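Below is one structure, written out as structure tokens; the observations come after it.
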Amino acid sequence: MSIKKTFHFNNKSAEIFPLMNEIVSYIKDYVPALSNIERLIPYQHVLVELLTNAVKHAGADSSLFSIEITEKEVTIIKTDNGNSFYLNKCGSFPLHVSFEGQQVEIRKDALYCLYGIIHSAHSLVFKVVEYPLYFKEEVTSLYEHYGLLILIKSSNHVSYRIDPETGLNHFIVTIII
Numbered sequence: 001m002s003i004k005k006t007f008h009f010n011n012k013s014a015e016i017f018p019l020m021n022e023i024v025s026y027i028k029d030y031v032p033a034l035s036n037i038e039r040l041i042p043y044q045h046v047l048v049e050l051l052t053n054a055v056k057h058a059g060a061d062s063s064l065f066s067i068e069i070t071e072k073e074v075t076i077i078k079t080d081n082g083n084s085f086y087l088n089k090c091g092s093f094p095l096h097v098s099f100e101g102q103q104v105e106i107r108k109d110a111l112y113c114l115y116g117i118i119h120s121a122h123s124l125v126f127k128v129v130e131y132p133l134y135f136k137e138e139v140t141s142l143y144e145h146y147g148l149l150i151l152i153k154s155s156n157h158v159s160y161r162i163d164p165e166t167g168l169n170h171f172i173v174t175i176i177i
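In the UniProt record's numbering, the protein residues as written are 1 to 177.
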């Protein structure tokens, strides 16, 4: 079984929660294991962050949210034609091929370090490293990319891809059921 549905988002902040609720309802209808409200919380976190990202950072008039449900996982893909993801140490996508395979620090504070692992000039996968509570370091850029950290902590896989032909940005988030 694999079902897909696409939702249109007008990138307006007033529509974040109505669309989040609509998508969560859709997921809940097709995944009986998620009938418990506590099991839906990660999906809500992911959707609120992706919708907020569309409003605050995309620089586009609208975004598409594609939901794919299989027996094992739910994949949420946010697509827009706005600003590409920017890495301070590498620049904008598409990246130079010399960065392929590198792990680039995106955000760091006293508890976490968020990395992007560059798969190609057009894609990267995000990962987080958690530090022990006794790790002492000054907190830097606490709110920058905080939403990305929430995506990673609420899901099993987060990646970004820019389509080289269309310029469309894709944030892909997968949650195992």
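No residue lacks a Cβ here, since even glycine has one placed at the ideal position from N, Cα and C. None of these values were measured; they are calculated from a predicted model.
Quick check: the stretch 119-129 against the stretch 143-157, are there 3 or more CB pairs under 8 Å?
yes
Bridge partners of valine 74, per DSSP?
If you number the sequence shown from 1, residue 74 lands on position 74. According to DSSP, which records beta bridges pairwise, valine 74 is partnered with Ile69, Ile175.
Quick check on this structure: which residue in Arg39, Gln102, Thr79 has the alpha carbon closest to the alpha carbon of asparagine 10?
For the purposes of this step, residue 10 is taken as residue 10 along the sequence shown, with counting starting at 1. The candidate whose alpha carbon is nearest that of asparagine 10 is Thr79.
Which word fits leucine 142, buried or exposed, when buried means at least 16 other C-beta atoms lie within 10 angstroms of its C-beta?
One-based indexing of the sequence shown puts residue 142 at position 142. Low confidence applies to leucine 142: its pLDDT is 46, below 50, so where it sits in the model is not reliable, and the reading given next is rough at best. Leucine 142 should be labelled exposed.
Give the range of the beta strand (DSSP E) segment to which phenylalanine 7 is assigned.
The residue you call residue 7 lines up with position 7 of the sequence shown. Taken as a continuous stretch (DSSP letters only), the beta strand (DSSP E) holding phenylalanine 7 covers 2-9.
If you follow the beta strand (DSSP E) that tyrosine 112 is in, where does it begin and where does it stop?
Within the sequence shown, numbered from 1, the residue matching residue 112 stands at position 112. It spans 112-120 - the beta strand (DSSP E) in which tyrosine 112 sits, taken as one unbroken run.
Proximity winner among Ala54, Ser98, Ile177, His45, relative to glycine 82 (alpha-carbon distances)
Locating residue 82 in the sequence shown gives position 82, counting from the first residue. Taking only the C-alpha atoms, the option nearest glycine 82 is Ala54.
Return the first residue and the last residue of the alpha helix (DSSP H) that glutamine 103 is part of.
Within the sequence shown, numbered from 1, the residue matching residue 103 stands at position 103. Careful: glutamine 103 lies outside any alpha helix (DSSP H), inside the beta strand (DSSP E) at 103-108.
Could you please give me the residues that DSSP links to histidine 157 through a beta bridge?
The residue given as residue 157 occupies position 157 in the sequence shown. Note: histidine 157 sits in a beta bridge opposite Thr174.
Where do the N-terminal and C-terminal ends of the beta strand (DSSP E) with lysine 12 fall, by residue?
Residue numbering aside, residue 12 sits at position 12 when the sequence shown is read from its first letter. First-last for lysine 12: undefined, no H or E at that position.
By the 10 Å Cβ neighbour count, where 16 or more other Cβ atoms means buried, how is valine 173 classified, buried or exposed?
The sequence position of residue 173 within the sequence shown is 173, counting from 1. Its Cβ being crowded by 16 or more others within 10 Å, valine 173 is buried.
Between the alpha carbons of lysine 72 and glutamate 22, how many angstroms are there, rounded?
Here residue 72 refers to the residue found at position 72 when the sequence shown is read from its first residue. Here residue 22 refers to the residue found at position 22 when the sequence shown is read from its first residue. If you take the alpha carbons of lysine 72 and glutamate 22, they lie about 21 Å apart.
Apart from the five residues just before and just after tyrosine 146, which ones in its own chain have a Cβ nearer than 8 Å to its Cβ?
Taking the first residue of the sequence shown as position 1, residue 146 is located at position 146. Closer than 8 Å at Cβ, skipping near neighbours: Arg107.
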